[in-house]
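One structure below.
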Amino acid sequence: MHICVLGAGIVGLATAWELHRQGHTVTVVDRALPGSGTSGGNGAQLSYSYVAPLADASIWAQLPQLLLAADSPLKLRPQLDPHQWRWGVEFLAACNAGTAAATTKRLLALAARSRDGFEAMRAELRPDCDFSATGKLVLYRSPAGLEAARRQVELQRTLGAAPQTIVTPEECAALEPALAGYHRQIAGGVHTPSECAADCLKVCQALAAALSARGVRFVLGHAVQGFDHRGRDVAAVQTEAGPIAADAFVMALGTASARFGRQLGAHVPVYPLKGYSITVAVDPAPGAAPRVSVTDSARKTVFARLGDRLRVAGMAELVGEDARIPRDRIDTLVAATKAVFPRAARDFDVPEPWTGMRPATPRGTPLVGALPGAPRNLLFNTGHGALGFTLAFGTARELADRLPPGA
Ligand SMILES: Cc1cc2nc3c(=O)[nH]c(=O)nc-3n(C[C@H](O)[C@H](O)[C@H](O)COP(=O)(O)OP(=O)(O)OC[C@H]3O[C@@H](n4cnc5c(N)ncnc54)[C@H](O)[C@@H]3O)c2cc1C
0 MHICVLGAGI VGLATAWELH RQGHTVTVVD RALPGSGTSG GNGAQLSYSY VAPLADASIW
60 AQLPQLLLAA DSPLKLRPQL DPHQWRWGVE FLAACNAGTA AATTKRLLAL AARSRDGFEA
120 MRAELRPDCD FSATGKLVLY RSPAGLEAAR RQVELQRTLG AAPQTIVTPE ECAALEPALA
180 GYHRQIAGGV HTPSECAADC LKVCQALAAA LSARGVRFVL GHAVQGFDHR GRDVAAVQTE
240 AGPIAADAFV MALGTASARF GRQLGAHVPV YPLKGYSITV AVDPAPGAAP RVSVTDSARK
300 TVFARLGDRL RVAGMAELVG EDARIPRDRI DTLVAATKAV FPRAARDFDV PEPWTGMRPA
360 TPRGTPLVGA LPGAPRNLLF NTGHGALGFT LAFGTARELA DRLPPGA
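Letter by letter, the sequence shown follows residues 0 to 406 in numbering that gives the first Met the number 0.
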């Protein structure tokens, strides 16, 4: 089959990778260069064991503080947009223990499949992507937060997740010497030795280069504009470079998938959850910058070592498609880095600010396959929210399962 993949973010590229492996003829379309959307500057975590959704019963108690505190990592700017309101209602409806546990189960299984897919790709391509498998520590400031984490670890143990250990503040500092000092401000943490990190942009670039060399056609720098129909099917995608006909199409346009999905008659419950990152050159002195990935749960900020750089990412804003980078958000990330790892950077004044829109579904589970109302030969692979890098190779394999094998 000839399959046209719309979107050259990590999800579209992982999809193209799996479809090409299955013998399909593949074309990839993007308005920009591979990885220049949300996949470009994300938190870099291959977070296979930390998949608990944002939609959780604990949100109700945290909501006033999250919405009202000036330095809150969560921000809501209500829009005159019924799509935002519908998403918000569906999100709140998912904030209960039963739904969160079911989502966790689904995402753990998907993440395990994704790890297999990513590792197979890595073994074959050996991409230069600052990959590390140094494990992850999630820090909790309050005993109550640590207790809730203990329950989550227990739930995940029953679901067959990778080993995770509750650790004391002193053990956190022993596992990651750059935490010495900050460890006195925390109640403890969860350590997962098997977690990994990598530069998602570099993975995208390596995938695009390898696929291109293997005969996959890339139509880059040309936006998708619409679709031509043949009966109930899509016959061609209309792009700025002209129409591209194919047997089947994969919608992997990140947050833009919702708008195009609506055009095609499907409800695609994906809304942008805006976040920010900074990247700083590390101080190479021993114990200055972390090697273990660290999440400071109180600040909802993640820290990942990428070679001689440190990526710091966080925040979640429901503000629509707004690509601006307010100075105060970057200042907050710089302040968080100085608080947790005061010696990490040689120069905190050049933090490489970045913003991206997580394509989030209310429950936190991606949409993979056909959707009601949409043309039969259009499959979706979108809605990966905060876990797109982690889950991309898993949903790519799920999507490939839904198509007959290629020649
Ligand atoms: C601050 C932050 C931190 C994050 N940290 C992590 C993390 O640590 N681990 C993790 O697993 N995930 C993380 N994520 C989430 C992850 O980055 C996303 O889930 C993932 O990048 C989504 O990939 P995608 O391919 O669906 O979307 P994108 O990367 O946005 O790709 C969509 C592509 O579609 C293209 N496009 C859009 N409209 C059109 C059009 N009209 N025509 C043609 N092309 C179009 C865009 O140019 C883009 O290349 C983070 C996200 C943010 C914002």
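Note that beta-carbon positions come from the ideal geometry of N, C-alpha and C, so glycine has one too. None of these values were measured; they are calculated from a predicted model.
{"Asked": "Do residue 162 and residue 185 have their C-beta atoms closer together than 8 Å?", "Found": "no"}
{"Asked": "Once DSSP output is grouped into helix, strand and coil, what is the label at residue 330?", "Found": "helix"}
{"Asked": "Please report how far the alpha carbon of residue 325 lies from the alpha carbon of residue 4, in whole angstroms.", "Found": "33 Å"}
{"Asked": "Please state if the CB of residue 203 and the CB of residue 131 are separated by a distance shorter than 8 Å.", "Found": "no"}
{"Asked": "Taking the C-alpha atoms as reference points, what is the distance between residue 369 and residue 273?", "Found": "26 Å"}
{"Asked": "Look at the alpha carbon of residue 214 and the alpha carbon of residue 30, and state the distance between them as a whole number of angstroms.", "Found": "20 Å"}
{"Asked": "What residue ranges within the segment 219-263 form continuous alpha helix (DSSP H) runs of no fewer than 4 residues, ordered along the chain?", "Found": "255-262"}
{"Asked": "Return the first residue and the last residue of the alpha helix (DSSP H) that residue 60 is part of.", "Found": "58-67"}
{"Asked": "Please classify residue 337: is it buried, with 16 or more other beta-carbons within 10 angstroms of its beta-carbon, or exposed?", "Found": "exposed"}
{"Asked": "Report the option in 99, 253, 288 and 281 whose CA atom is closest to the CA atom of residue 33.", "Found": "253"}
{"Asked": "Compute every distance between the C-beta of residue 48 and the non-hydrogen atoms of ligand 2, then say whether any falls below 7 Å.", "Found": "With respect to ligand 2, the structure offers nothing, as its ligand set consists of ligand 1."}
{"Asked": "Counting along the chain, where does the alpha helix (DSSP H) carrying residue 17 start and finish?", "Found": "9-20"}
{"Asked": "With distances taken Cα to Cα, identify the nearest neighbour of residue 302 among 136, 105 and 270.", "Found": "136"}
{"Asked": "Mapping DSSP to helix, strand and coil, what is residue 138?", "Found": "strand"}
{"Asked": "Mind checking which residues open and close the alpha helix (DSSP H) that includes residue 104?", "Found": "96-124"}
{"Asked": "May I have the straight-line CA-CA distance separating residue 147 from residue 380, to the nearest angstrom?", "Found": "32 Å"}
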